[in-house]
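J.:
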Amino acid sequence: MMDKTKIQSGFSSGAKNEPRRIVFITPNASANVMDERGRKVMSYPHLLVREAIVFEVLITAMALVALIWDAPLERLANPLLTPNPAKAPWYFLGLQELLHVFPPFVAGFLIPTLVVVALIVIPYFKVNVEGTPLWSELTSRRFDVVFWVVVVALLIVLVAVDAWTIIFPTVLVVGLLLGLGLSKATTGPICVLRAKPLSWWIMTWFIATAFWLTVVGTFFRGPGWSWVWPWGTHAG
Amino acid sequence: MTTTTMGTSFHSALENLRTTGVWKSIFRSGPAVTNRARSLKVFDNLLLHWLPVKVRENSLGVRATYYLGSLLLFLFIIMAVTGVFLMFYYRPVAPNAYYDMKDLRFVVSNGVFVRNMHRIGAHLMVLLAFWHMVHVFYRGGYKPPREFNWVIGVMLLLLTLSLSYTGYLLPWDQLAFWATTVGSNMISAAPAIGNEVRFVALGGHTVGGNTLLRFYVFHVVILPLLAFLFIGAHLWRVRKDGGLTVGAKDHDGQD
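And the structure:
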């Protein structure tokens with residue numbers, strides 16, 4: 005690999021500032037560059053027939069479910085009769101679970117805002133594109149130290165605020181990361197996971213946490229947001 | 041044998057129909073017997089012209105995309121159709137909205153079926169939108185030159201959530217009322233303007249008749265129109281950015 009900082013240029017024409025691509029074609033070689041992305045087929049019919057099948061499968065599955073399951077309809081809305089627990093739609097139950105742990109400003113505003121901003125900047129964040137594996141020798145010692153200090157600090161904060169529903173998926177993901185570091189495998193799924201960059205691990209941790217918080221909010225929370233088991237017995 | 045003959049004659053009748061002047065006047069192209077004609081099928085058709093004429097063979101496999109984007113587009117169409125049907129029988133007024141839901145269940149022919157479809161579609165759309173985003177992330181589909189389409193996708197996820205959330209209130213039952221109350225309390229957590237934003241969104245200090253009307257207008261006009269525009273931009277950018285991500289080599293950076 006050529007070191008990017010050591011490009012030698014024989015011209016004083018500003019080639020470094022305005023690089024141009026130059027192609028040399030020798031008389032015996034073809035200018036056809038091999039396309040690594042596979043061959044192309046006509047959209048009509050190859051794509052359209054598949055789209056039609058997908059549509060038919062979707063609408064058939066939905067119609068079957070609509071025949072055997074009825075959308076819920078409870079009693080008329082009554083502002084004086086608060087159900088316990090009052091739950092938001094399922095996709096907001098992760099946030100509602102966060103409200104149980106953090107003050108409203110953090111759970112209701114700061115974290116959702118940061119999540120949306122983080123999602124938007126993902127493609128513009130350099131670390132994603134470079135993608136150095138966390139366990140490779142390419143990461144600097146300083147990076148390793150900062151990374152583990154952040155992880156440990158996060159866990160200490162979570163323990164301090166009793167956020168056990170967040171600690172559970174966090175420990176799972178960190179445990180997996182540590183386990184990969186100990187492994188000596190050179191092939192197979194472990195090796196594939198070892199090659200994942202920091203961005204992959206942050207996203208995986210975020211998805212695991214969001215998924216677990218939603219599951220807890222949906223199935224494991226009862227009156228007064230206390231812990232209940234989905235099969236009906238109250239804990240403690 | 042009879043079936044074969046009938047099938048053959050039906051097929052040839054269809055082929056003959058395709059060569060008529062009327063057919064050509066509507067679809068602008070004849071039978072798709074050459075690749076040129078197959079190309080014309082796509083870019084001479086208003087509903088298909090945003091598709092590429094050719095697609096990569098390895099982007100057609102189920103495991104490449106799980107057809108999540110297609111499913112979401114189809115769901116949006118199904119939601120629009122079933123939603124318009126429901127609008128014929130629904131008044132966004134408290135408490136009549138609730139009685140209209142009762143009528144949909146017990147009086148209107150197939151009312152309960154269409155409402156079930158709309159409800160299932162709503163849950164499925166949120167679920168698949170999350171899955172779509174996660175899948176695109178793990179495939180590296182956000183990398184250059186597709187950065188901005190990822191951002192449009194994030195906007196579409198937020199629009200999907202907003203559509204689902206505003207629709208959740210419309211049945212005006214206990215479930216709807218208290219879910220909206222819990223959700224809107226989160227808005228007031230925003231600093232400085234939180235309470236004001238909540239007041240404007242609800243049309244008052246608590247969820248009431250004004251909220252129902254506002255959520256209804258957002259649910260059936262403003263948010264679907266925005267979603268329609270963003271979906272258009274999203275699909276257009278998929279093509280402009282070089283089609284679907286087909287593998288590790290399909291972007292500027294390393295994987």
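One line per chain: the protein sequences are H and A, in this order. The first sequence begins at 5 in the working numbering and counts up by one. The second sequence begins at 41 in the working numbering and counts up by one. Note that the Cβ used here is the ideal one computed from N, Cα and C, for glycine as well. Model, not experiment: these values are computed from the prediction.
The beta strand (DSSP E) spanning H:R41 covers which residue range?
T.: As a position in the first sequence, residue 41 of chain H is number 37, starting the count at 1. H:R41 -> no beta strand (DSSP E), and no H or E assigned at all.
J.: Taking only beta carbons into account, state which residues of the region 211 to 241 of chain A come closer than 8 Å to chain H, listed in chain order.
T.: Under the 8 Å Cβ criterion, the region 211 to 241 of chain A contributes P211, W212, D213, Q214, L215, A216, F217, W218, A219, T221, V222, G223, N225, M226, I227, S228, A229, A230, P231, G234.
J.: Any idea which residues DSSP pairs H:P201 with across the strands?
T.: Locating residue 201 of chain H in the first sequence gives position 197, where the first residue counts as 1. The partner list for H:P201 (beta bridge, DSSP) reads H:P137.
J.: Hey, is H:F59's beta-carbon within less than 7 Å of any beta-carbon in chain A?
T.: Mapped onto the first sequence, residue 59 of chain H falls at position 55. Chain A, which has a Cβ nearer than 7 Å to the Cβ of H:F59, makes this yes.
J.: Cutting at 6 Å between CB atoms, please list the residues of its own chain near A:T122, excluding the five before and the five after it.
T.: Against the second sequence, residue 122 of chain A aligns to sequence position 82. Excluding residues within five positions, the ones whose Cβ falls inside 6 Å are V154, M157, H158.
J.: Take the Cβ of A:N150 as the centre, count every other Cβ of all protein chains shown within 10 Å, and call the residue buried at 16 or more, exposed below.
T.: Working through the second sequence from its first residue, we reach residue 150 of chain A at position 110. A:N150 should be labelled exposed.
J.: Taking the beta carbon of H:G179 as the centre, do at least 16 other beta carbons fall within 10 Å, making it buried, or is it exposed?
T.: Here residue 179 of chain H refers to the residue found at position 175 when the first sequence is read from its first residue. Label assigned to H:G179: exposed.
J.: Any chance the region 64 to 76 of chain A sits against the region 254 to 264 of chain A, with 3 or more Cβ pairs inside 8 Å?
T.: These segments do not touch.
J.: Hey, could you find the ends of the beta strand (DSSP E) A:K142 is sitting in?
T.: Here residue 142 of chain A refers to the residue found at position 102 of the second sequence. Per DSSP, A:K142 belongs to no beta strand (DSSP E); it is in the alpha helix (DSSP H), 136 to 146.
J.: At a Cβ cut of 8 Å, what residues of the region 45 to 71 of chain H count as close to chain A, listed as they run along the chain?
T.: Those residues of the region 45 to 71 of chain H that come within reach of chain A (Cβ to Cβ, closer than 8 Å) are V45, M46, S47, Y48, P49, H50, L51, L52, R54, E55, V58, F59, L62, I63, M66, A67, V69, A70, L71.
J.: Let me check understanding here. Comparing Cα to Cα, which of A:N250, A:A232, A:P231 lies closest to A:V240?
T.: Position 200 of the second sequence holds residue 240 of chain A. Minimum Cα distance to A:V240 is reached at A:N250.
J.: Output the boundary residues of the alpha helix (DSSP H) element that contains H:V232.
T.: Mapped onto the first sequence, residue 232 of chain H falls at position 228. Unbroken run through H:V232: none, as it is neither H nor E.
J.: Taking C-alpha atoms, which residue in A:N189, A:W276, A:M173, A:Q214 lies nearest to H:T208?
T.: Indexing the first sequence from 1 puts residue 208 of chain H at position 204. Of A:N189, A:W276, A:M173, A:Q214, the residue nearest in Cα terms is A:M173.
J.: Any chance the region 136 to 150 of chain A sits against the region 186 to 205 of chain A, with 3 or more Cβ pairs inside 8 Å?
T.: At 8 Å Cβ cutoff, the stretches do not touch.
J.: Distance, Cα to Cα, A:L108 vs A:W63?
T.: Working through the second sequence from its first residue, we reach residue 108 of chain A at position 68. Working through the second sequence from its first residue, we reach residue 63 of chain A at position 23. Cα-Cα distance, rounded: 33 Å.
J.: Between the alpha carbons of H:G112 and H:Q100, how many angstroms are there, rounded?
T.: Residue 112 of chain H sits at position 108 when you count from the first residue of the first sequence. Residue 100 of chain H sits at position 96 when you count from the first residue of the first sequence. About 8 Å.
J.: Assign H:R79 to one of two classes, buried (16 or more other C-beta atoms within 10 Å of its C-beta) or exposed (fewer than that).
T.: In the first sequence, the residue the question calls residue 79 of chain H occupies position 75. Burial call: exposed.
J.: Quick one: list the residues of chain H neighbouring A:V95, beta-carbon separation under 9 Å, in chain order.
T.: Numbered from 1 along the second sequence, position 55 holds the residue referred to as residue 95 of chain A. Those are K44, V45, M46, S47, H50, L51, listed as they occur along chain H.
J.: Compare the C-beta of H:P87 with all C-beta atoms of chain A and state if any pair is closer than 7 Å.
T.: Your numbering for residue 87 of chain H matches position 83 in the first sequence. Answer yes: the Cβ-Cβ gap between H:P87 and chain A drops below 7 Å somewhere.
J.: What are the residues of the region 72 to 95 of chain A that lie near chain H, defined by any Cβ-Cβ distance shorter than 7 Å?
T.: Going along the region 72 to 95 of chain A in chain order, one finds A72, N75, R78, K81, V82, L91, P92, V93, K94, V95 with a Cβ nearer than 7 Å to chain H.
J.: Name the two residues that bound the continuous beta strand (DSSP E) containing A:K94.
T.: Within the second sequence, the letter at position 54 stands for residue 94 of chain A. Residues 94 to 96.
J.: How many Å lie between A:D292 and A:K94 at the Cα?
T.: Within the second sequence, numbered from 1, the residue matching residue 292 of chain A stands at position 252. Within the second sequence, numbered from 1, the residue matching residue 94 of chain A stands at position 54. Here A:D292 scores only 42 on pLDDT, less than 50, and its place in the model is too uncertain to base an answer on.
J.: How would you call A:R238, buried or exposed, if buried means at least 16 neighbouring beta carbons within 10 angstroms?
T.: Your numbering for residue 238 of chain A matches position 198 in the second sequence. Classification of A:R238: buried, given that the 10 Å Cβ count is 16 or more.
J.: Please report the distance separating the alpha-carbon of H:F59 from that of H:F151.
T.: Position 55 of the first sequence, counted from the first residue, corresponds to residue 59 of chain H. Position 147 of the first sequence, counted from the first residue, corresponds to residue 151 of chain H. Computed Cα separation, rounded: 45 Å.
J.: May I ask which residues mark the beginning and end of the alpha helix (DSSP H) holding A:L269?
T.: As a position in the second sequence, residue 269 of chain A is number 229, starting the count at 1. Note, A:L269: alpha helix (DSSP H), 263 to 280.
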